[in-house]
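Be aware that the sequence shown starts at 218, since it is given in the working numbering, and climbs by one per residue.
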Amino acid sequence: MPGDTVLGETRQPKASLPAWQAWWLRADAAWRLGPRPVALFAWHRLRLCLGLAHRALPDLPAPRGPFLPDTEALAAPKRDWHGPFSPEAHALDVLARPGADIRKLWETHRLAPLLSLIQAATRDPAADHLNQAEALLADWANANPPFRGPGWACAQEAALRAMGIGLALALLGADRRLSPGARYLLGLHARRIRATRAYGAAQDNNHPISEAAGLFVCGLLLGRVRDQRAGAQELARAVARLVAPCGAFAQASPAYHRLMLDVLAIAEWFRRRHGAPSFAAPFAARAAAATQWLGRVMAPNGALPRIGPCDDSAFADLSGFGAGDARASLERASRLFLGASAGLPDDPGCRALGLAATQSLPSMSPGHWRSAGWFGLGGAGGARGVLRTGVPLRFRPGQADLLHFDLWDGNENLLRDGGSGAYLPPPGFDWWQRMLAGGAGHNLITFDDAEPMPRLGPFLFGRWPRCRAIPDGAKMRDWRGNRHARRIECRGRLWRVEDQVRGDFRRLALRWRLAPGDWRRIADGVESAKARITLSADAPFSLELIRGWESPAYGRVEPAPVLELRANRPIGRIFTEIALPKRGGC
């Protein structure tokens with residue numbers, strides 16, 4: 218869409234950086250990431266260059282069933298397992314030159330229908346559900362020979378798939394006596410995880426947690442003590458490093474926090490089921506804190522803020538709630554790590570796992586709270602806000618969203634984030650990343666129409682801002698010396714945001730990304746049945762309700778209303794008031 222204007226900015230072809238500047242930015246990013254992830258990634262690259270990783274994943278015979286007990290494979294409907302990717306390419310070469318987004322294809326390779334078929338078979342043994350599940354596994358194994366094609370390209374995806382297969386076997390009571398086919402299949406997955414462990418550990422996100430958990434489960438089911446111990450040790454170390462004592466996750470994304478918690482819950486369930494030793498401290502305390510953290514940011518209907526990278530994962534979704542509803546994830550984790558129900562006493566997923574609810578937890582939505590990277594506020598009538606503070610900024614930000622503010626009124630995400638679009642947008646839609654992951658995709662201030670951080674890759678930025686906590690908010694200074702302090706105050710149903718700015722900028726833009734609705738311009742803001750939003754400042758400004766974009770689901774981008782303020786220097790303070798409609802006497 219060349220020349221089109223979105224959010225008041227014209228999309229221009231991305232200018233390439235001079236070589237020296239690109240190297241300087243990469244060096245800056247490496248310094249900020251720290252020696253550990255950089256050294257691990259360098260070791261991974263060296264192993265690739267020497268061919269060690271490829272030799273660890275040789276061509277082997279395809280697995281053959283039966284994989285599940287008492288089954289015979291039916292004729293399975295043909296599935297597209299490869300998309301635009303070569304089924305013959307070695308697993309480690311599939312993404313060397315990615316030409317398409319592989320995320321949705323990987324969702325197919327997680328084999329989510331397998332668990333649905335197993336659950337259906339336990340409810341109705343006389344039907345063909347179990348044979349259909351066997352056919353699904355047989356079709357996948359035939360179409361994806363070991364270590365060839367996109368299904369084997371990512372160790373994390375192999376780990377998630379292995380845990381899903383293990384869970385299917387456990388629901389059938391067949392996880393303690395594996396068939397030769399199932400044993401060989403899980404053994405291949407363990408081998409894939411082991412081959413690139415340095416890469417996973419270098420990511421400092423969900424990868425090291427998922428891969429360690431997958432290796433642990435594979436070792437447990439296969440009776441391989443070495444893999445079981447290695448997986449358990451790596452999982453405990455990853456949780457200690459990446460989950461803060463307050464429960465916040467290194468990957469600043471409620472969606473990926475949910476995935477992390479789902480993985481921890483399944484690993485813990487398998488550990489208890491097979492009587493394995495407890496994971497080393499502080500695993501239990503951090504998992505409990507992470508459970509409470511998710512409860513703080515989740516809406517009553519299970520929706521999560523779409524802050525940070527979001528790919529709509531719903532791992533081991535035995536309750537069938539889907540990506541848009543995290544209540545079952547919270548319930549399962551609460552019963553495992555807190556010993557109580559989070560409000561779903563009849564959750565079918567927990568019932569399938571034999572997790573009883575002995576008591577109910579009090580509300581996980583306190584008034585005001587702080588955690589690593591976040592500041593939360595509670596208001597009257599079910600309203601609550603979340604500020605992305607970045608304090609402390611120990612791990613790489615996934616989007617340019619520092620000081621973004623999300624405001625919810627019950628289940629309504631009134632002031633919202635733009636979402637993710639896609640990690641590799643379709644041809645001609647590169648602007649998705651700039652408009653959604655860049656500064657314009659969030660409720661914050663940008664200076665001189667420039668990005669807060671230079672982008673170095675789909676998941677890497679350079680020149681991270683310096684962030685500090687302040688009473689009722691946070692402040693930051695970007696690499697150009699511009700300063701922004703944001704304070705949030707709520708009094709009943711009235712919310713007030715104060716933005717203070719300083720620096721050698723010429724102009725700025727403040728954007729409030731609104732929930733879809735019948736918004737009407739008024740003299741100093743907008744109003745609808747959802748809220749009345751007014752702005753004021755200590756200098757002249759222009760105000761416009763424009764068409765922006767948001768991603769309500771991965772791979773989908775839709776128009777969205779955006780209230781945009783623009784002003785020139787000198788301007789020092791901007792005030793935003795959000796008056797929510799009164800409810801129940803509030």
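Cβ atoms here follow ideal geometry from the backbone N, Cα and C, with glycine treated the same way.
How about A355 and L347: are their beta carbons less than 8 Å apart?
On the sequence shown, position 138 is the one that residue 355 refers to. On the sequence shown, position 130 is the one that residue 347 refers to. No; because the gap between Cβ atoms is not below 8 Å, this pair is not in contact.
Keeping to the same chain, check which residues put their C-beta closer than 6 Å to that of D542; ignore five residues upstream and five downstream.
Along the sequence shown, one-based indexing puts residue 542 at 325. Only G519 meet the Cβ criterion.
Taking the straight line between their C-alpha atoms, what separation do you get for A372 and P643?
Locating residue 372 in the sequence shown gives position 155, counting from the first residue. Locating residue 643 in the sequence shown gives position 426, counting from the first residue. For A372 and P643, the distance between alpha carbons rounds to 24 Å.
Under 6 Å Cβ to Cβ from Q650, same chain only, skipping five residues before and after it: list those, please.
Mapped onto the sequence shown, residue 650 falls at position 433. Around Q650: no qualifying Cβ.
Can you tell me whether A239 is helix, strand or coil according to DSSP?
One-based indexing of the sequence shown puts residue 239 at position 22. Correct three-state label for A239: helix.
Where L353 and L331 are concerned, what is the direct C-alpha to C-alpha distance, given to the nearest angstrom?
Stepping through the sequence shown from its first residue, residue 353 is reached at position 136. Stepping through the sequence shown from its first residue, residue 331 is reached at position 114. About 7 Å.
How far does the beta strand (DSSP E) with W736 in it extend, from its first residue to its last?
Locating residue 736 in the sequence shown gives position 519, where the first residue counts as 1. No beta strand (DSSP E) contains W736, which DSSP labels as neither H nor E.
Starting from F622 and walking both ways along the alpha helix (DSSP H), at which residues does that stretch end?
For the purposes of this step, residue 622 is identified with residue 405 of the sequence shown, where counting begins at 1. It is not in any alpha helix (DSSP H) - F622 instead sits in the beta strand (DSSP E) that spans F622 to D626.
Can the beta-carbon of A429 be found closer than 8 Å to that of H261?
By 1-based counting over the sequence shown, the position of residue 429 is 212. By 1-based counting over the sequence shown, the position of residue 261 is 44. It is not a contact, given that the beta carbons lie outside the stated cut-off.
Would you mind stating whether G537 and R549 have Cβ atoms separated by less than 8 Å?
What you label residue 537 is simply residue 320 of the sequence shown in a count that begins at 1. What you label residue 549 is simply residue 332 of the sequence shown in a count that begins at 1. For G537 and R549, no; Cβs fall outside 8 Å.
Counting C-beta neighbours from all protein chains within 10 Å, is the total for C266 16 or more, i.e. buried, or is it exposed?
The count along the sequence shown starts at 1 and reaches residue 266 at position 49. So C266 counts as exposed.
Answer with buried or exposed for E351, where buried requires no fewer than 16 other C-beta atoms within 10 angstroms of its C-beta.
Numbered from its first residue, the sequence shown carries residue 351 at position 134. Classification of E351: buried, given that the 10 Å Cβ count is 16 or more.
Run through the DSSP bridge pairs and tell me what H701 is partnered with.
As a working note, residue 701 is residue 484 in the sequence shown. Answer is M693 and V718, bridged to H701.
With DSSP collapsed to three states, give me the class of W591.
Taking the sequence shown and counting its residues from 1, the one referred to as residue 591 is at position 374. If DSSP states are grouped into helix, strand and coil, W591 belongs with the strands.
On the CB-based measure, 16 or more other CB atoms within 10 Å of its CB, does Q229 come out buried or exposed?
As a first step, residue 229 is located in the sequence shown; it is residue number 12 there, counting from the start. Model confidence at Q229 stands at a pLDDT of 32, short of 50, so the residue's coordinates are unreliable and nothing is read from them.
Output the distance between the C-alpha atoms of T222 and G765, rounded to the nearest integer angstrom.
Position 5 of the sequence shown, counted from the first residue, corresponds to residue 222. Position 548 of the sequence shown, counted from the first residue, corresponds to residue 765. With a pLDDT of only 22 at T222, under 50, the local geometry of the prediction cannot be trusted, and the value read off the model is given with reservation. Each residue's alpha carbon lies about 9 Å from the other.
How many angstroms separate the CA atom of W696 from the CA atom of F758?
Here residue 696 refers to the residue found at position 479 when the sequence shown is read from its first residue. Here residue 758 refers to the residue found at position 541 when the sequence shown is read from its first residue. W696 and F758: Cα-Cα distance of roughly 25 Å.
Any heavy atom of the ligand GTP inside 7 Å of the beta-carbon of A504?
Absent from the structure shown: the ligand GTP. Ligands present: none.
Where A748 and W736 are concerned, what is the direct C-alpha to C-alpha distance, given to the nearest angstrom?
Working through the sequence shown from its first residue, we reach residue 748 at position 531. Working through the sequence shown from its first residue, we reach residue 736 at position 519. Approximately 9 Å between the Cα atoms of the pair.
With 16 other CB atoms within 10 Å as the buried threshold, where does Q509 fall?
Sequence index remark: in the sequence shown, residue 509 carries index 292 (1-based). Buried, because 16 or more other Cβ atoms sit within 10 Å of the Cβ of Q509.
Suppose you measure from the CA of F722 to the CA of A589; what does that come to, to the nearest Å?
Reading the sequence shown from its first residue, position 505 is the one you call residue 722. Reading the sequence shown from its first residue, position 372 is the one you call residue 589. Roughly 29 Å between the two C-alpha positions.
Just to confirm before moving on: does the CB-CB distance between Q336 and A573 stay below 8 Å?
In the sequence shown, the residue the question calls residue 336 occupies position 119. In the sequence shown, the residue the question calls residue 573 occupies position 356. Contact: no.
Looking at the C-beta of G464, does it have a partner C-beta in chain B at a distance below 8 Å?
Going by chain labels, chain B is absent from the structure shown, which holds only one protein chain.
Which residues share a DSSP beta bridge with T663?
Here residue 663 refers to the residue found at position 446 when the sequence shown is read from its first residue. A726.
Among F284, F466 and A419, which has the Cα closest to the Cα of P397?
What you label residue 397 is simply residue 180 of the sequence shown in a count that begins at 1. That would be F284, whose Cα lies nearest to the Cα of P397.
Could you give the C-beta distance for G383 and L328, rounded to a whole number, given that I count them as a contact under 8 Å?
One-based indexing of the sequence shown puts residue 383 at position 166. One-based indexing of the sequence shown puts residue 328 at position 111. So it is not a contact: roughly 11 Å between Cβ atoms.
I need the DSSP call for V603, collapsed to helix, strand or coil.
For this step, residue 603 is matched to residue 386 along the sequence shown. Correct three-state label for V603: strand.
Which value, in whole angstroms, describes the spacing of the CA atoms of N422 and A343?
Taking the sequence shown and counting its residues from 1, one reaches residue 422 at position 205. Taking the sequence shown and counting its residues from 1, one reaches residue 343 at position 126. Roughly 43 Å separates the two Cα atoms.
Looking only at its own chain, which residues have a Cβ that is under 6 Å from the Cβ of I795, when we skip the five neighbours before and after it?
Translated into positions along the sequence shown, residue 795 becomes position 578. W712, A748 and I750, listed in sequence order.
Give the secondary structure of I524 by DSSP, where H, G and I count as helix, E and B as strand, and everything else as coil.
The count along the sequence shown starts at 1 and reaches residue 524 at position 307. Correct three-state label for I524: coil.
In the DSSP output, which residue or residues are listed as bridge partners for C707?
On the sequence shown, residue 707 is found 490 positions in, with the first residue counted as 1. C707 is bridged to W712.
Do you know offhand how far A732's Cα is from E781's?
Reading the sequence shown from its first residue, position 515 is the one you call residue 732. Reading the sequence shown from its first residue, position 564 is the one you call residue 781. Answer to the nearest angstrom: the Cα atoms are 14 Å apart.
Is it true that the CB of G635 sits closer than 8 Å to the CB of L619?
One-based indexing of the sequence shown puts residue 619 at position 402. One-based indexing of the sequence shown puts residue 635 at position 418. The answer is no: Cβ separation not under 8 Å.
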